[in-house]
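Presented below is the structure to which this report refers.
In structure tokens form, the structure reads like this:
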């Protein structure tokens with residue numbers, strides 16, 4: 004069990020550029036979540052996948068954000084035309100479908116928009 | 036709208052004593068509650084959980100208490116150890132999967 008991995012760990016980009024983050028969940032987990040965390044706050048839910056289906060998208064997620072999980076395995080989160088307000092830690096988590104609800108988090112990708 | 040509130044940003048406790056971390060919530064539809072621990076440069080890790088139909092769950096040194104009428108839950112750590120120093124997040128699940136996190140409480144356990 005290698006845990007949830009995220010790539011890259013850090014990303015610095017200029018305002019207006021597009022960025023893409025990758026998340027590899029624990030292999031047998033069919034649920035995958037994206038969160039955003041800013042300083043002094045807890046993780047904020049962005050979106051959720053069950054297998055390859057995106058079942059919910061937070062209203063926090065503007066049209067500039069898109070997430071995919073094409074084969075029900077890894078997922079990507081893309082931010083287009085980045086803004087300084089997008090600077091945050093982006094966390095990915097995965098879980099098993101069932102009666103347990105704990106999520107297993109990756110180390111996160113820290114995005115800095117200059 | 037902050038549905039899960041952790042009103043204490045930080046807590047300092049002596050090693051060996053009890054740590055009590057508190058959490059209040061506003062949404063009566065929450066059906067499952069979880070506590071996560073986070074060390075610097077790592078993602079949160081699951082610690083303990085409780086269903087809304089129970090009022091207590093215990094796992095080793097960690098106990099979570101749920102008071103539904105007060106919409107309040109607490110995490111007790113006994114005895115506290117220096118390795119418990121971390122940020123603790125209270126979280127609540129609503130519906131099938133969406134989880135709402137509090138802002139966290141930073142626990143310092145002094146040796």
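Chains as they are written, first to last, in this note's numbering: chain A, 4 to 117; chain B, 36 to 146. No residue lacks a Cβ here, since even glycine has one placed at the ideal position from N, Cα and C.
Quickly, what does DSSP pair residue i with across the bridge? List them, please.
i: residue 57/A; result: 52/A
i: residue 98/A; result: 34/A
i: residue 71/A; result: 79/A
i: residue 73/B; result: 122/B
i: residue 140/B; result: 123/B
i: residue 146/B; result: Per DSSP, none; premise fails for residue 146/B.
i: residue 80/B; result: 72/B
i: residue 174/A; result: With chain A represented from 4 up to 117, any question about residue 174/A goes unanswered, as that position is not in the structure.
i: residue 112/A; result: 93/A
i: residue 134/B; result: 128/B
i: residue 107/A; result: 97/A
Taking all protein chains shown into account, decide if residue i is buried (16 or more other Cβ within 10 angstroms of its Cβ) or exposed.
i: residue 67/A; result: exposed
i: residue 5/A; result: exposed
i: residue 129/A; result: No information on residue 129/A is available, as it lies outside the stretch 4 to 117 that chain A covers here.
i: residue 127/B; result: buried
i: residue 75/B; result: exposed
i: residue 61/B; result: exposed
i: residue 46/A; result: buried
i: residue 117/B; result: exposed
i: residue 135/B; result: buried
i: residue 140/B; result: buried
i: residue 15/A; result: exposed
i: residue 62/A; result: exposed
i: residue 72/A; result: buried
i: residue 84/B; result: buried
i: residue 112/A; result: buried
i: residue 41/B; result: buried
i: residue 97/A; result: buried
In the DSSP assignment, the beta strand (DSSP E) including residue i goes from what residue to what residue?
i: residue 84/A; result: Premise fails: residue 84/A is in no beta strand (DSSP E) and is neither H nor E.
i: residue 42/A; result: From DSSP, residue 42/A is part of no beta strand (DSSP E); its letter is neither H nor E.
i: residue 27/A; result: 22-27
i: residue 117/A; result: From DSSP, residue 117/A is part of no beta strand (DSSP E); its letter is neither H nor E.
i: residue 43/B; result: Note, residue 43/B: premise wrong, no beta strand (DSSP E); not H, not E.
i: residue 89/B; result: Here residue 89/B belongs to no beta strand (DSSP E), and DSSP marks it neither H nor E.
i: residue 8/A; result: 8-10
i: residue 14/A; result: 13-16
Keeping to the same chain, check which residues put their C-beta closer than 7 Å to that of residue i; ignore five residues upstream and five downstream.
i: residue 91/A; result: 39, 40, 41, 114
i: residue 116/A; result: 16, 18, 85, 86, 87, 89, 90
i: residue 49/B; result: 145
i: residue 82/B; result: 70, 71, 72, 97
Give me, in chain order, the residues of the same chain whose beta-carbon lies closer than 6 Å to that of residue i; leave out the 5 immediate sequence neighbours on both sides.
i: residue 65/B; result: 127, 129
i: residue 57/B; result: 109
i: residue 44/B; result: none
i: residue 27/A; result: 8, 77
i: residue 21/A; result: 83
i: residue 10/A; result: 25
Cutting at 8 Å between CB atoms, please list the residues of its own chain near residue i, excluding the five before and the five after it.
i: residue 73/B; result: 79, 80, 121, 122, 123, 124, 139
i: residue 12/A; result: 110, 111, 112, 113
i: residue 106/B; result: 59, 60, 61, 63
Which parts of the stretch 98-130 of chain B are runs of the alpha helix (DSSP H), unbroken and 4 residues or longer, counting only runs that do not cross its ends? You should have found no qualifying run.
Please name the residues in the stretch 81-96 of chain B whose beta-carbon is closer than 7 Å to at least one beta-carbon of chain D, in chain order. Any reference to chain D falls outside this structure, whose protein chains are A and B.
I'd like the ranges of any beta strand (DSSP E) spanning at least 3 consecutive residues and lying wholly in the stretch 47-71 of chain B. The stretch 47-71 of chain B contains these whole beta strand (DSSP E) runs: 54-60.
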